Amino acid sequence: MTLPKSWAQLSQRTLVLQKITWDGKIDSATVDVPPARGPVLIAIDNADQAEESLTVTLEQKVRIDDTNASAQISEGDGVVTVTCDEPGPDGDKYGIKVVVPSVDEATDLDVVLEDDVIMVTLAMKADNDTFIPDDAKNTAALIAAAITGEDGVEDTGIPGFTAVASGVDSTPFTTDIDTVQFSGGSTDVYFPQYDAEGQELELTVAVEQQVIFGPFDYFPRFLGGRITLTAGDAPTDEDVTVVLVQEIGRG
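Numbered per our numbering, the sequence shown spans residues 457 to 707.
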């Protein structure tokens, strides 16, 4: 006979069920958890991970800050990082691409903002019967300077953006680069969870162990939380850890 479920059983819900497949390179993994209204149990199945014990920490997502979105383009050892001057998620709509134009005469480097994409059109020079990118005019440093513009000089650069060159800034760009989308216009801010003694909460899962922690009456609240699992060394490739977060009823 099947008995009716209790209120506690009916009020349970799974917040997260995530399978972590280790790759032999990374030594940590994170699990994002939505906010809960009731107590939470955290079950960690480390039975298929035979090499490394795991340290588990909890963090609360307390706010989302506006930050400066940016994007990078690179070729060889040259890198150009472009940043929106105005912080906020609106910056994530922008992109940047590099184009080798088809021309019938020598041209200079050109940068312009078109439909929210910074178009970097490389300078070209004559080479026998054709035209090729002009290495002397297409360096990372010159591209960054063209985007930023000159201080106090109108009609130079692209307003609202600042670019810097890094790596070997004399490295020339010579090929097309598809649009790279900006990111980072908003940043999640997490605070670590502390225990009753005022120490940052740390839980341990041994190798080949299955364990349930909780119930936690206080996690995750605010805008949600994050569980971080950290090993001493990278677990073996293809080893698996499973994390289940369950909200449970109070009675």
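Don't be surprised by glycine CBs; every beta carbon is placed ideally from N, CA and C.
Predicted model only: the values in this text are computed from it and were never measured.
According to the Cβ coordinates, are L510 and N502 closer than 8 Å?
Reading the sequence shown from its first residue, position 54 is the one you call residue 510. Reading the sequence shown from its first residue, position 46 is the one you call residue 502. Yes, the Cβ-Cβ distance between L510 and N502 is below 8 Å.
Grab me the residues of V556's own chain with a C-beta within less than 7 Å of its C-beta, minus the 5 sequence neighbours each way, in chain order.
Position 100 of the sequence shown, counted from the first residue, corresponds to residue 556. L578, P589, T631, D632.
Find the nearest neighbour of E507 within the set E694, G534, I683, A601, judged by alpha-carbon distance.
What you label residue 507 is simply residue 51 of the sequence shown in a count that begins at 1. Checking every option, the nearest Cα to that of E507 belongs to E694.
Under DSSP, the alpha helix (DSSP H) around I603 begins and ends at which residues?
As a working mapping, residue 603 is identified with position 147 in the sequence shown. 596–604 is the extent of the alpha helix (DSSP H) around I603.
Is D533 helix, strand or coil when you go by DSSP?
As a working note, residue 533 is residue 77 in the sequence shown. The answer is coil: DSSP assigns D533 none of H, G, I, E or B.
Does the segment 676–688 come close enough to the segment 515–525 that 3 or more CB-CB pairs lie under 8 Å?
yes
Within 10 angstroms of its Cβ, does V624 collect 16 or more other Cβ (buried), or is it exposed?
Counting from one through the sequence shown, the residue named residue 624 turns up at place 168. Exposed, by the Cβ-count rule.
Same chain, Cβ closer than 6 Å to F669, five either side skipped, listed in chain order:
Along the sequence shown, read from residue 1 onward, the residue named residue 669 stands at position 213. I498, L659.
Can you tell me whether F675 is buried or exposed? The criterion is at least 16 other CB atoms within 10 Å of its CB, across all chains shown.
Translated into the one-based positions of the sequence shown, residue 675 becomes position 219. With 16 or more Cβ atoms within 10 Å of its Cβ, F675 is classed as buried.
Out of T612, G605, D634, V645, state which residue places its alpha-carbon closest to the alpha-carbon of V620.
Sequence index remark: in the sequence shown, residue 620 carries index 164 (1-based). It is G605.
Skipping 5 residues on each side, what residues in its chain have a beta carbon closer than 6 Å to that of R519?
Start at 1 with the first residue of the sequence shown, and residue 519 comes out as number 63. Excluding positions up to five away in sequence, the list reads V645.
Give the secondary structure of P615 by DSSP, where H, G and I count as helix, E and B as strand, and everything else as coil.
Residue mapping note: residue 615 aligns to position 159 of the sequence shown, counting from 1. In this structure, P615 counts as coil in the three-state DSSP scheme.
Under 8 Å, with one C-beta from each stretch per pair, do the segment 648–657 and the segment 479–490 reach the 3-pair mark?
By the C-beta criterion, the segment 648–657 is judged not to be in contact with the segment 479–490, since fewer than 3 inter-stretch pairs fall below 8 Å.
I'd like to confirm the pairing. Which residues does DSSP put opposite R682 in its beta bridges?
Translated into the one-based positions of the sequence shown, residue 682 becomes position 226. Beta-bridge pairing links R682 to D488, E515.
Please state whether DSSP places W463 in a helix, a strand or coil.
Here residue 463 corresponds to residue number 7 of the sequence shown, with the count starting at 1. Confidence in W463 is poor, its pLDDT being 49 and thus under 50, which makes the residue's placement unreliable; the coordinate value appears in the next sentence. W463 falls in the helix class under three-state DSSP.
By Cβ distance, which residues of its chain are closer than 6 Å to V698, with the 5 residues on each side in sequence left out?
Start at 1 with the first residue of the sequence shown, and residue 698 comes out as number 242. Taken in chain order, the residues that qualify are K475, D501.
Could you name the residues of the same chain whose beta carbon sits closer than 7 Å to that of Q649, not counting the 5 residues immediately before and after it, in chain order?
Counted from its first residue, the sequence shown places residue 649 at position 193. Excluding positions up to five away in sequence, the list reads L514, E515, Q516, L657, F675.
Just verifying my parser: in three-state terms, what is the DSSP assignment at P545?
If you number the sequence shown from 1, residue 545 lands on position 89. Helix at P545.
Run through the DSSP bridge pairs and tell me what S526 is partnered with.
As a first step, residue 526 is located in the sequence shown; it is residue number 70 there, counting from the start. T539, S639, per the DSSP bridge assignment.
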